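The next block holds one structure in the form of structure tokens; read it before the comments.
Protein chains in written order, with my numbering: chain A, 1 to 107; chain B, 1 to 116.
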């Protein structure tokens with residue numbers, strides 16, 4: 001079957017670095033995307049990886065290894081406003097979102 | 001407006017009634033998507049439009065669910081004979097072109113549906 005796995009919760013300290021992992025199992029693959037969603041808000045796009053390697057956008061970076069069916073989102077210099085849920089998403093023959101990782105940030 | 005809009009923002013209905021949810025995508029965006037999100041859960045894909053046609057409707061949970069898009073713009077999601085398990089937030093997103101994985105999706109604020 002098709003599935004995406006990501007941790008349900010991660011806790012980190014303000015100013016630190018945190019990595020949110022995503023592993024996927026799909027028969028086909030058209031790229032890995034990451035979205036951020038604050039409580040009560042709509043998801044907003046963070047990044048897309050179609051090829052292996054690291055994509056950097058400001059404090060956020062995303063990595064993909066297609067051979068390992070694995071990717072991660074890296075958040076640096078954490079700020080309290082980064083407290084949110086983070087979703088990875090993959091398109092195979094069907095669009096699949098992970099269940100999300102809730103990021104808690106401690107002062 | 002500049003973003004994706006959805007209406008109504010909240011809808012409370014009785015079991016067995018039909019409901020219509022509306023999505024206005026960003027002007028010029030050819031691709032439109034509907035998702036469903038239950039409390040604390042991920043996004044469940046429902047249907048995808050490219051223009052007025054729906055190349056991927058694989059996520060519609062039952063034949064009580066249908067969607068259409070007219071003029072390559074506004075889309076409506078209709079749920080007939082609503083059930084309590086249909087209660088969720090229904091999210092619409094649009095993007096400038098299809099092949100969603102290659103393009104950023106812009107989400108609307110969602111419609112919170114409660115079926116009593």
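Idealized CB from N, CA, C, for every residue including glycine. Quantities reported herein were computed from a predicted structural model and do not represent experimental measurements.
TODO: Kindly give me the distance between the Cβ atoms of residue 114 of chain B and residue 87 of chain B, rounded to whole angstroms, as I take these residues to be in contact under 8 angstroms.
DONE: 5 angstroms
Open item on the list: Could you compute how far the alpha carbon of residue 2 of chain B sits from the alpha carbon of residue 65 of chain A?
Closed with: 35 angstroms
TODO: Give the C-beta separation of residue 78 of chain B and residue 67 of chain B to the nearest angstrom, bearing in mind that I take them to be a contact with Cβ-Cβ under 8 angstroms.
DONE: 7 angstroms
Open item on the list: If you measure between the beta carbons of residue 108 of chain B and residue 4 of chain B, is that distance less than 7 angstroms?
Closed with: yes
- [ ] Output the boundary residues of the beta strand (DSSP E) element that contains residue 3 of chain A.
- [x] 3-5
Open item on the list: In the DSSP assignment, the beta strand (DSSP E) including residue 21 of chain A goes from what residue to what residue?
Closed with: 18-25
Open item on the list: Which residue wins for smallest C-alpha separation from residue 82 of chain A, given the options A:20, A:4, A:3, A:5?
Closed with: A:20
Open item on the list: On the criterion of 16 or more Cβ atoms from any shown chain inside 10 Å, does residue 93 of chain B qualify as buried, or is it exposed?
Closed with: buried
Task: For residue 177 of chain A: DSSP bridge partner residues - done: Shown here, chain A extends from 1 to 107; a query on residue 177 of chain A therefore has no answer.
- [ ] Output, in chain order, the set of chain B residues within a Cβ distance shorter than 8 angstroms of residue 99 of chain A.
- [x] 41, 42
TODO: Step through the CB atoms of chain B and report whether any lies within less than 7 angstroms of the CB of residue 84 of chain A.
DONE: no
Task: Beta carbon of residue 24 of chain A nearer than 7 angstroms to that of residue 46 of chain A - done: no
Open item on the list: By alpha-carbon positions, which one of A:97, A:89, A:74 ends up nearest to residue 10 of chain A?
Closed with: A:74
- [ ] Could you pull the start and end residues of the beta strand (DSSP E) that residue 17 of chain B belongs to?
- [x] Here residue 17 of chain B belongs to no beta strand (DSSP E), and DSSP marks it neither H nor E.
Open item on the list: Looking at residue 35 of chain B: is its Cβ nearer than 7 angstroms to the Cβ of residue 91 of chain B?
Closed with: yes
Open item on the list: Is the separation between the beta-carbon of residue 31 of chain A and that of residue 42 of chain B shorter than 7 angstroms?
Closed with: no
Task: Beta carbon proximity, residue 25 of chain B to chain A, threshold 7 angstroms - done: no
Task: Unbroken beta strand (DSSP E) run spanning residue 52 of chain B, endpoints - done: Careful: residue 52 of chain B lies outside any beta strand (DSSP E) and carries neither H nor E.
Task: Pairwise C-alpha distance: residue 7 of chain B and residue 59 of chain B - done: 21 angstroms
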